[in-house]
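Working notes, beginning with the structure itself.
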Ligand code: GLN
Ligand code: ZN
C-alpha cells in the first residue's frame, strides 16, 4: 500500500509567493527573487511531504500564478496579442506568463489579460485557455521538466502532475466560430508525448493526469475522445505508469468509462462521494490500483480515522493491499497551509483547534492511515488513532456545536415562513403607496470607498491604538458624510456605505454564533489573491442584532429611504468552510433564520427597504445537472425564509454579480425579491435578455456602469444602456444603479460617476 498526494498549497506558509509577486509587479524586486522564493516553497513542500511519509510526492503542482495557465504556456497556447511582450528583449518567460495572467501595460504596450473563471465548484479561479481555429501547440515552457529534475536533485522521484489532455481542452474557450475545441486533441497530443518522453528519460515512474471532467456530465463525443486519447498515450508509453485522478464529484455514469481507460491507477474522491467506492471496486480491471481520496482536501476538519480505515479495509479485502493507495480527496491547494500557525487562542480556541487539520496535518493523516491499516500498527500509531477518536468524539458531543433550540427551530420551519404575506403585484402597490419612488429610481449596491483611512481605523482598533468608542465615532462621521453627499446628488434610495465592514461574509460571521476565524488560514483564490474563509463549526444563531445600529443611525440622518444591507444565507455558506457533520442545506437554513431575524429587526427599526445580497447563489450550483434541482430548491428556500418575515410594504432587494443567469432564471424568479440588481454593463445589457425572455415579473436594476475600473462613465453612455434596457423590460420595472458595490473605488471617480448616473435617470424619466 502506498500513500500519495495530489497537490500541495503553493502560496507559502506566510504567503511568501503573494508578497514577492506583488513586489515584482510593483517593480520593487527582480525576477530572480521571484524564482528563488518559488524554489524555496517547492523545496519546503517536498520536504514536508517526505518527512510525513508520503510515498508519491507531486511535482509541477507548484505555480507562480495558476496551474492551468502553466499548461497553456507549456503547450505554447499563447494568444497572438502577447507576441510583442515576448519579443521585447529584456523580458523573461515569467513576464510573458504574468502578462497573460494580468495584462501588460508598460513600455508603450497595452495588452489585456486572459479571462479568468472559477475552477469547478471551488473558490479558486483559473486562467481560461484561449483556443482558435487550427490552433497549433508546441512545447514552450519546460517548467514541468525542470521541477521534476529539481525534486530529483533532492532525492525525490516525484510524480509530475499534468492536467489531462481532455480536461485541458474542456477548460478552455473557443475564441472564434467554426471549430470545436475538443477536436484540437490531435494537435495537442504530440506535445504531451514530447513532455512524457522528457520526463521518462529523466527517470519519472508515475505521471498524474488530472481529469476532473470525468466527474461531470460528458457528451458521447467527449467520452469517445477520452477512450482514444488514453489508448494512444498508453500505446506510445507502455512503460510509464499513469495515474488518472478524478475529484470533486462521483464518477456516476462515467464510472464505466473511467475504469475502462488503460491506466495503472485510478483516483476517486471518497469525501464528496463515498458511496461510489462499491461500484468502482466492482468495475475496476484486474490489475488497476485504486487511490482512495479519503482525506478532505476542500475542508479543514480532522479526518475521521475509523471511517477512513473502514473504506481502506473494504478496498484491501477486494483488491489486496498492493492495489490500494491512500490520498487526499483532491489537491490540497484548497486547504490552508499549517494549523501550527494558529497560535492565538483568542482567535481560535484550543477546543476548536483540536478538531482541525490543514494541509500539513492532512499529509500526516494520510501517512498515519497507512500505518494503521498495515498488519501490525506500532504503539505510536495506535496512540494517535486513540487521539483521533478522542478529538472527533469531543467534536461530536461538544456543547459548542449543538444547540437544540436552533435545531428545533429549523425543524419547525413552516411553508408559510418562506412566503411573503401577499403576492408581488399586491406588494408592489403597497410599496409604491408607502415609498413613493419615481420611475427609474436610483440607488447603489451598498458599499462606498473603503479608503486607506477607513481601513486604518479598523487596524488601529485591532491593535488597541483606538478604542471601540473612538472607532465608532470615525465610522459615524464617515457614514454621515456619505449620507449627506447622496442626498446632495439626488439619489432616491440611500445606503449607509458599509464602512464598518471588512468583508461581506466576515462581518456577519464575526457576529453569528457557530462561526470562528483563523489568523493565517489563507487559501489561494486567484494569482496572488488569497482569502481567509470563516469556519462554521456549530449551530448558527444570532445572539444580537448585527446591522441595526448603523442602518438606523444612517436613516436618522435623512428623510430619504435608507436601504438596509445584509449578506444572504447561501453566500455566507458558500464563502465559508462549512461543517461536515450535517448537510449544507441544514446549515444554510440556520443561517437563513438568523438573517430573517435581522431583517425583521431592521424593519422594526424603521428600515423599509432591505437588500439581501446573494452573489454566490450561481456558483453553488452542483457540478452534475442531475443535482441542480435539489440544490436550487433549498437555496431559494433559504433566501425566501430570510426575507419572508416582513410586511408587504417592506421592499426586499437582492443583488447578484457574476453573469450566466441562463440556467437559473426560474430560481431567481422563485426567490421573489421585490427588486433584483445585477451586473450587466460589461455585457452591454445583453444579460438582461434572459430576464426579458423569461418575462421576469418583479423589478430589476441592471447595472449601468462597470465598477471594476476607475473609468468614469458619462450620462449618455448610461442613457444608452437604459434605453437598451427599456426596449426589453417595461419602465415600471426598472431601477438605475451601478453593477456592484463601490468599495474598491476612490471617492473622486465615485462622485463623478454617480452624479452622471442620476442625470441619466432624470433624462429617462423626462422621456416617459
Ligand atoms: N453590498 C455589497 C457591496 O456593495 C455587495 C458586494 C457583492 O455583491 N459582491 O459591497
Ligand atoms: Zn455585486
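In the numbering used here, the protein residues as written are 12 to 779.
By construction, the Cβ of each residue, glycine as well, lies at the ideal position given by its N, Cα and C atoms.
Burial of residue 71 is indicated by the presence of at least 16 other C-beta atoms within 10 angstroms of its C-beta. Taking 3 residues as the minimum length, the beta strand (DSSP E) runs contained wholly in the segment 653 to 706 are 662 to 667, 686 to 689, in order along the chain.
For the options 154, 613, 492, 147, the alpha carbon positioned closest to that of residue 200 is the one of 147. Within a 10 Å sphere around the beta-carbon of residue 453 sit 16 or more other beta-carbons, which makes this residue buried. Between the ligand ZN and residue 626, a heavy atom-to-CB distance of less than 7 Å is present. When DSSP assignments are scanned along the segment 302 to 329, no uninterrupted stretch of alpha helix (DSSP H) that is 4 or more residues long falls wholly within it. In this structure, the alpha-carbon of residue 97 lies about 8 Å from that of residue 104. For the 8 Å CB-CB criterion, residue 158 and residue 193 do not form a contact.
Exposure of residue 264 is indicated by the presence of fewer than 16 other C-beta atoms within 10 angstroms of its C-beta. Checking the DSSP bridge columns, you'll see residue 172 partnered with 219. Less than 8 Å separates the beta-carbon of residue 358 from that of residue 530. CA-to-CA, the gap between residue 362 and residue 548 works out to about 11 Å. Excluding residues up to 5 positions away in sequence, 510 lie with their Cβ nearer than 6 Å to the Cβ of residue 465 in the same chain. Between residue 300 and residue 287 the beta-carbon gap is near 16 Å, outside 8 Å, which marks them as no contact. Nearest to residue 416 by C-alpha distance, out of 494, 282, 456, 552, is 552. Distances between the C-beta of residue 501 and the heavy atoms of the ligand GLN are all 7 Å or more. Around the CB of residue 319, 16 or more other CB atoms lie within 10 Å, so the residue is classed as buried. Residues of the same chain with a CB within less than 7 Å of the CB of residue 93, apart from the 5 flanking positions on each side, are 107, 110, 111, 122 in chain order. The bridge partners DSSP lists for residue 453 are 747. Under the 10 Å beta carbon count, residue 218 is surrounded by 16 or more other beta carbons and is classified as buried. Less than 8 Å divides the Cβ of residue 79 from the Cβ of residue 137. Close CB contacts of residue 522 within its chain, under the 8 Å cut and outside five residues either way in sequence, are with 553, 554, 555, 557 (chain order). When the Cα atoms are used, residue 311 and residue 228 turn out to be separated by approximately 28 Å. By the Cβ test, the segment 752 to 762 is not in contact with the segment 670 to 684, since fewer than three Cβ pairs between them sit closer than 8 Å. Residue 179 and residue 190 have their C-alpha atoms spaced approximately 16 Å apart. By the 16-neighbour rule on beta-carbons within 10 angstroms, residue 169 is buried.
Residue range 572 to 578 is occupied by the beta strand (DSSP E) that includes residue 572. In this structure, the beta-carbon distance from residue 315 to residue 403 falls below 8 Å.
In the assembly as shown, residue 722 is an exposed residue. Its beta-carbon has fewer than 16 other beta-carbons within 10 Å.
In summary, residue 83 is buried, with 16 or more beta-carbon neighbours lying within 10 Å of its beta-carbon over all protein chains present. Rounded to whole angstroms, residue 129 and residue 114 show a C-alpha spacing of 19 Å. Residue nearest to residue 425 within the set 701, 153, 656 is 656 (criterion: CA-CA distance). Assigned with DSSP and collapsed to three states, residue 159 falls in helix.
Judged by the Cβ position, residue 719 fails to qualify as a neighbour of the ligand GLN at the 7 Å threshold, every heavy atom of the ligand being at least this far.
As a beta-bridge residue in DSSP terms, residue 69 pairs with 170.
The C-alpha of residue 99 is placed about 53 Å away from the C-alpha of residue 596.
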